[in-house]
Amino acid sequence: MDRRTHDRYLERAMWSIGRGDRNFWIAVVGLGTLVAAGIYAWIYQIQRGLWVTGLNQKVSWGFYIINCVFFIGISYGGAMTSAILRLTNAKWRAPLTRLAETTAVAALLVGAVYPIVDMGRPDRFLFILLYPQAGSPVVWDVVAISTYMLASLVFLYLPLIPDLAITRDSLGAGWLRRIYNVLSLGWKGTPGQERSLARGIGIMAVLIIPLAVSVHSVLAWLFAVTARGGWHSTIFAPLFVLAAMLSGVAAVILVVAAFRKVYGLHEFITAKHFRYLSYLLVALGIGYLYFMVSEYLTEGYLLEESTTPVLEAIFIGSYAPAFWSFTIIGLIFPLCLVALPGRFAIARACTASGLVIAGMWLKRFLIVVPGMAEPVMPWDWGRYSPTWVEVTITIGSAAAIPLILIIFFRFFPVMSVHEMEEVEGAVETPRAALRPALAEGGNG
Amino acid sequence: MKKLVCAIVALGIIGLSVVVAGPFAAGTRTPRVATQPADAGHDHGTVVGLAPAPITDPAATAARLVVTAQPFEKTERGYALQVNIVAPDGKPVADAQVKFYELVDLFGTREMLLAAATTDGRGAASYGYLPAHPGSHPLIVRFTGRDRTLTAGEGRLTLEATVSAERPAPERSGFAAFSDKVPYAAGALVLTVWGLIAFALIATARGVIGAAPRTSTKGETA
Amino acid sequence: MAGPLTRRQILAALGGAGATALAAGLSPISFPEADAADPSKPERQWAMVIDLRKCDGCRKCTQACQETHELPTNFEWIKVFEVTDKQGQSYFMPRPCFQCENAPCLRVCPVAATFRDSEGVVLVDQNRCIGCRMCMAACPYGARYFNYKDPPGTPNPFAHPTPEFPVPQQKGTVGKCMFCVHRTENGQLPACVEACGMQALWIGDLTTDVATNGTETVRLSQLIKENDAFRYKEELGTGPRVYYIAGHGQHLDL
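Protein chains in written order, with my numbering: chain R, 1 to 444; chain S, 1001 to 1222; chain Z, 2001 to 2254.
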């Protein structure tokens, strides 16, 4: 990488810091309104009780549990992508890791709120810490999610340290500079510091994979340890893990594409990146398809009385439209779309990712709701249709992820500078050349 | 005449119940037979406190029921309850339907039906009884009567059982004892992971701070 | 050098906090011991036998239950299902909570709000319940009900609900049949047993091996054995304490 490209990279990575143009504020206000609507719906629900939702005695888990699994799944993909790229030392990772890691944290923050939204008595949330019953999958969830959240925050922070120093150095004196100075821990890029950082990131990259696996396994066991026909399946944990990776990689593709366009990263994030991510998507999608076939074949072959009604409902009954649109439009079609060679790799990857994400949400719906509505006393089916409260909270929470991302990147570089220098070899750059908007606006 | 006999019989039954069932009156939660003469000659080797209940015979026509209990040779089978029915004229009553009851305490004192039996040619009927728990078992054997000359009668016995059926075992597989310990292992694993995360963060921070050059002006002059 | 000390301290603090949390959480699942302390007064171990031959589906048990526990009409802690079997015959099947000895709902509760009392009845402490509804997902019999709303009727500020007398129900928590522990401990029959005009419901005690339907009293083990009583979904290994006496020769393993 020559010096000019290097400078361009730096300029682009820091471009968003402190920038407050009209588009930024339009985006913040727009997304913020959606989030506020979601928060309003949640407050409305807390004041009145869960009866304002579509949940009932038969189907007592609905959108909230689906969303919890869905958003934590997306988070998983971000963390996995970054960790795998680091561990395999993929040279092309530098512009992607920061976006992937931040997506992971943002989605996790959103997903981790859902168990509380779902609770009948959110005021008693701390009871889980005060009177934990180690045998409960809910406790496993709380332990696994909080551990994973801690880990992904550390995993986001450690590679950020050198970039914080770069940001600090580009700022004039001021309170913001002091904050960056503290956060960057006096980073100067000495060999000793590089060694410590590499070790820390190495530990976290290794750790984040089993942690992410554990979170999704535990989420799957929430369902699989029950005696319900559609849920009591040994393949559930790996199936959930793969589903999470699939939707997570798709989300990373979408996030990367969006930031590439809006933040002008075309030069550094190219069709090559999307092609590689698409390969990952295809591999995971085929894996998921395989797991799904394995699950439904073993259940559908024997036709036990506990599983048959669920299978009937999913394949030919009232949930069939959702199931077949997921399978064909949300899984097989997108995989073909990205697997085929040809032009428009980025557009195809984005279309496929959007379909996969929607499909994976639908699949979670098909796991949670028919499993719940299934007649445990074999004579009555439950029914579930969400009210505006659940829909609003869901939309608001989905809007929260891009909101968190654009606010985050107003303060931190959108691409990892240090990583790029590490991969490409550092180029001596006079840092004074960089003056992001924050330096000017922050002191004014 | 018929009414008179009925009245006498009814009075007799009331009298009997006052004498015998007095201790079982409502509110008494632990029924005990009041008259329990210490029988020195009785064999206490295998059975403790077996004593025939007193037999009162208020009506001249009432059947007399003598209830005895003997432990089976195979002690785990419990006790052989035997009732001998004797007519007022002293002859054994054959082919008589008798019912064995136990007085139990469940939402008040109730008569629990144990079994029905028919007497043989010697006027005896028996029932193999394995109590559910050791201790006192107030038993009643009833005969509803046959005709005007042989009216209803009952015999009582308080069985002090030492042998009883096994209590139903809790339905818990041995695996549960093992799986109860799994959370400890999982907890240890979680603690290790927390430690590793803390190490990655703290060691890196220490390394970065520790390796920072003392004179930190060079890079900041920009 | 202060560094290693700090690290060790932090690790120790982390470990300590974790260990405390785990120790608090690892209280073993409560289970009544087979031998009570005083053998002459053995503790009750409640069980129920439901005679499907007698049930006529009048739902008086459900009504009595709802009155006793001040429940709304869609809270059928004892729910009467009308079952049509594969031979086209239909019968009624009341379903209370089965008070499973190996209760799935009890094991999945994150805060141990569901517990088993010394008489083998699975109770819910609604002062503890966080309303996560994991137990409702875990119960294979759909016997649990979530209070989406406040119970009907005017709220009584002096009411003090306990697990043994959960009246009124608390909004945002889960409730279920509790074999009328508040009645049985005072020597009263459970409300449903008392209300059943067909004497189809028997309440029994496994320790003293007695069962009564209010009018008749029989030996519990005999009642189960002689009528070939079965337990619903016994293959799940939940160990229900509720037995059914099959009705009109129907096909039962629906």
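We treat Cβ as the ideally placed atom computed from N, Cα and C, and that holds for glycine.
As the structure is a computational prediction, the values presented were derived from the model and not from experiment.
Contact set between S/F1140 and chain R, taken where Cβ atoms lie within less than 9 Å: Position 140 of the second sequence, counted from the start, is the residue given in the question as residue 1140 of chain S. Note that residue 1140 of chain S corresponds to Ile in the displayed sequence, not to Phe. Neighbours of S/I1140 on chain R: none; closest Cβ ~42 Å, over 9 Å.
Is there a Cβ of chain Z sitting closer than 8 Å to that of S/A1025, yes or no? Position 25 of the second sequence, counted from the start, is the residue given in the question as residue 1025 of chain S. Any reading at S/A1025 needs caution, since the residue's pLDDT is 36, under 50, leaving its predicted position unreliable; the model's value is listed next. Not an interface residue.
Chain-ordered chain S contacts of Z/G2206 [CB-CB under 7 Å]: Residue numbering aside, residue 2206 of chain Z sits at position 206 when the third sequence is read from its first letter. As written in the sequence, residue 2206 of chain Z is Leu, which differs from the Gly given in the question. Contact note: Z/L2206 reaches chain S through P1168, using a C-beta cutoff of 7 Å and chain order.
R/S170, buried or exposed, once every other Cβ within 10 Å from all chains shown has been counted against 16: One-based indexing of the first sequence puts residue 170 of chain R at position 170. Per the 10 Å Cβ criterion, buried.
Mind pulling the chain Z residues with CB within less than 9 Å of R/F69? The count along the first sequence starts at 1 and reaches residue 69 of chain R at position 69. The residue you asked about is not Phe; residue 69 of chain R is Val in the sequence shown. Here the premise fails: no neighbours, minimum Cβ distance about 13 Å.
Flag Z/T2173 as yes if its beta-carbon sits less than 8 Å from any beta-carbon of chain R, otherwise no. Position 173 of the third sequence, counting from 1, holds the residue named residue 2173 of chain Z. Interface residue, yes.
Comparing the C-beta of R/T234 with each C-beta of chain Z, is any distance below 8 Å? Working through the first sequence from its first residue, we reach residue 234 of chain R at position 234. R/T234 has a beta carbon lying at 8 Å or more from every beta carbon in chain Z.
Terminal residues of the continuous alpha helix (DSSP H) containing S/I1209? One-based indexing of the second sequence puts residue 1209 of chain S at position 209. 1182-1210 is the extent of the alpha helix (DSSP H) around S/I1209.
Pick from Z/Y2141, Z/R2128, Z/L2123 that is closest to R/R124, judged by C-alpha positions: In the first sequence, the residue the question calls residue 124 of chain R occupies position 124. It is Z/R2128 whose Cα lies nearest to the Cα of R/R124.
I'd like to check one pair, Z/N2147 with Z/K2176: are the Cβ atoms closer than 8 Å? For this step, residue 2176 of chain Z is matched to residue 176 along the third sequence. For this step, residue 2147 of chain Z is matched to residue 147 along the third sequence. Result no, Cβ atoms of Z/K2176 and Z/N2147 do not sit closer than 8 Å.
With the cut-off set at 8 Å, would you say S/Y1129 and S/L1150 are in Cβ contact? As a first step, residue 1129 of chain S must be located in the second sequence, where it is residue number 129. As a first step, residue 1150 of chain S must be located in the second sequence, where it is residue number 150. Cβ atoms of S/Y1129 and S/L1150: not closer than 8 Å.
CA-CA distance, R/R4 and R/E11? For the purposes of this step, residue 4 of chain R is taken as the residue at position 4 of the first sequence. For the purposes of this step, residue 11 of chain R is taken as the residue at position 11 of the first sequence. A direct Cα-Cα distance of roughly 10 Å separates R/R4 from R/E11.
Whole angstroms is fine: what's the gap from S/G1108's alpha carbon to R/R383's? Here residue 1108 of chain S corresponds to residue number 108 of the second sequence, with the count starting at 1. Here residue 383 of chain R corresponds to residue number 383 of the first sequence, with the count starting at 1. Taking the straight line from one Cα to the other gives about 45 Å.
List the residues of chain R that Z/N2074 touches, going by C-beta distances under 8 Å, in chain order. To locate residue 2074 of chain Z, count along the third sequence from 1; it is residue 74. Correct list: Q57.
Measure the alpha-carbon distance for S/P1071 versus S/G1135 and round it to whole angstroms. To locate residue 1071 of chain S, count along the second sequence from 1; it is residue 71. To locate residue 1135 of chain S, count along the second sequence from 1; it is residue 135. A straight line joining the alpha-carbon of S/P1071 with that of S/G1135 spans about 14 Å.
Any residues in the stretch 1115-1132 of chain S with a beta carbon nearer than 8 Å to a beta carbon of chain A? Which ones, in chain order? Of the chains in the structure shown, none is chain A; the protein chains are R, S and Z.
Do Z/P2110 and Z/C2132 count as a contact pair if the criterion is CB distance below 8 Å? Taking the third sequence and counting its residues from 1, the one referred to as residue 2132 of chain Z is at position 132. Taking the third sequence and counting its residues from 1, the one referred to as residue 2110 of chain Z is at position 110. At a Cβ-Cβ threshold of 8 Å, Z/C2132 and Z/P2110 count as neighbours.
So the alpha helix (DSSP H) R/F125 belongs to, where does it begin and stop? Position 125 of the first sequence holds residue 125 of chain R. Taken as a continuous stretch (DSSP letters only), R/F125 belongs to no alpha helix (DSSP H), as it is neither H nor E.
Output yes or no for whether 8 Å exceeds the beta carbon distance between S/V1066 and S/V1093. Start at 1 with the first residue of the second sequence, and residue 1066 of chain S comes out as number 66. Start at 1 with the first residue of the second sequence, and residue 1093 of chain S comes out as number 93. No. Outside cutoff.
Runs of beta strand (DSSP E) wholly within the stretch 1067-1095 of chain S (minimum 3 residues, chain order): Correct list: 1079-1086.
Measure how close the beta-carbons of Z/V2268 and Z/M2136 come, nearest whole angstrom, since I'm counting them as under 8 Å. Missing from the structure shown is residue 2268 of chain Z; chain Z here goes from 2001 to 2254 and no further.
Can you name the start and end residues of the beta strand (DSSP E) that S/H1137 belongs to? To locate residue 1137 of chain S, count along the second sequence from 1; it is residue 137. For S/H1137, the enclosing beta strand (DSSP E) starts and ends at 1135-1147.
Apart from the five residues on each side of it in sequence, which residues of its chain come closer than 7 Å, Cβ to Cβ, to R/V241? Taking the first sequence and counting its residues from 1, one reaches residue 241 of chain R at position 241. Contacts found: V213, H216, S217.
Among residues of its own chain, excluding the 5 on either side of R/F291, which ones have a beta-carbon nearer than 8 Å to its beta-carbon? Against the first sequence, residue 291 of chain R aligns to sequence position 291. Excluding sequence neighbours, R/F291 sits near I235, P238, L239, L242.
With three or more C-beta pairs closer than 8 Å as the rule, is the stretch 353-364 of chain R touching the stretch 321-336 of chain R? A contact between stretches requires three or more CB pairs, one per stretch, nearer than 8 Å, and the stretch 321-336 of chain R meets this requirement with the stretch 353-364 of chain R.
Have a look at Z/I2130 and R/F127 and give me their C-alpha separation to the nearest angstrom. Start at 1 with the first residue of the third sequence, and residue 2130 of chain Z comes out as number 130. Start at 1 with the first residue of the first sequence, and residue 127 of chain R comes out as number 127. For Z/I2130 and R/F127, the gap between their C-alpha atoms comes out near 7 Å.
Check each candidate in R/L156, R/K58, R/A37, R/L197 and name the one with the smallest Cα separation from R/L96. Counted from its first residue, the first sequence places residue 96 of chain R at position 96. For R/L96, the nearest C-alpha among the options comes from R/L156.
Looking at the C-beta of R/F127, does it have a partner C-beta in chain Z at a distance below 8 Å? As a working mapping, residue 127 of chain R is identified with position 127 in the first sequence. R/F127 counts as touching chain Z.
Going along the chain, which residues of the stretch 126-154 of chain R sit with their C-beta nearer than 7 Å to a C-beta in chain S? Using a CB distance below 7 Å, the part of the stretch 126-154 of chain R facing chain S consists of A134, G135, V143, T147, L150, A151, V154, ordered along the chain.
Reduced DSSP category for S/R1032 - H, G, I as helix; E, B as strand; rest coil: Stepping through the second sequence from its first residue, residue 1032 of chain S is reached at position 32. Model confidence at S/R1032 stands at a pLDDT of 32, short of 50, so the residue's coordinates are unreliable and nothing is read from them.
Name the chain Z residues whose beta carbon is nearer than 9 Å to that of S/G1108? Translated into the one-based positions of the second sequence, residue 1108 of chain S becomes position 108. Near S/G1108 (Cβ distances below 9 Å), the residues of chain Z are G2187.
Check whether the Cβ atoms of S/L1081 and S/I1140 lie closer than 8 Å to each other. As a working mapping, residue 1081 of chain S is identified with position 81 in the second sequence. As a working mapping, residue 1140 of chain S is identified with position 140 in the second sequence. Their beta carbons are not under 8 Å apart, which means S/L1081 does not touch S/I1140 by this criterion.
For chain S, check one thing: does any of its Cβ atoms lie closer than 8 Å to the Cβ of R/W92? Taking the first residue of the first sequence as position 1, residue 92 of chain R is located at position 92. For R/W92, the answer is no, since every Cβ of chain S falls outside 8 Å of its Cβ.
Closest Cα partner of S/A1212 within the set R/P210, R/L185, R/I201: Here residue 1212 of chain S corresponds to residue number 212 of the second sequence, with the count starting at 1. Checked all of R/P210, R/L185, R/I201; the closest Cα to S/A1212 is R/L185.
Cα-Cα separation, R/L284 to R/L246: The sequence position of residue 284 of chain R within the first sequence is 284, counting from 1. The sequence position of residue 246 of chain R within the first sequence is 246, counting from 1. If I take the Cα positions, the gap works out to 6 Å.
Please confirm whether S/A1200 has its beta-carbon closer than 8 Å to some beta-carbon of chain R. By one-based count along the second sequence, residue 1200 of chain S stands at place 200. In terms of beta-carbon proximity, S/A1200 lines the interface with chain R, with at least one pair separated by less than 8 Å.
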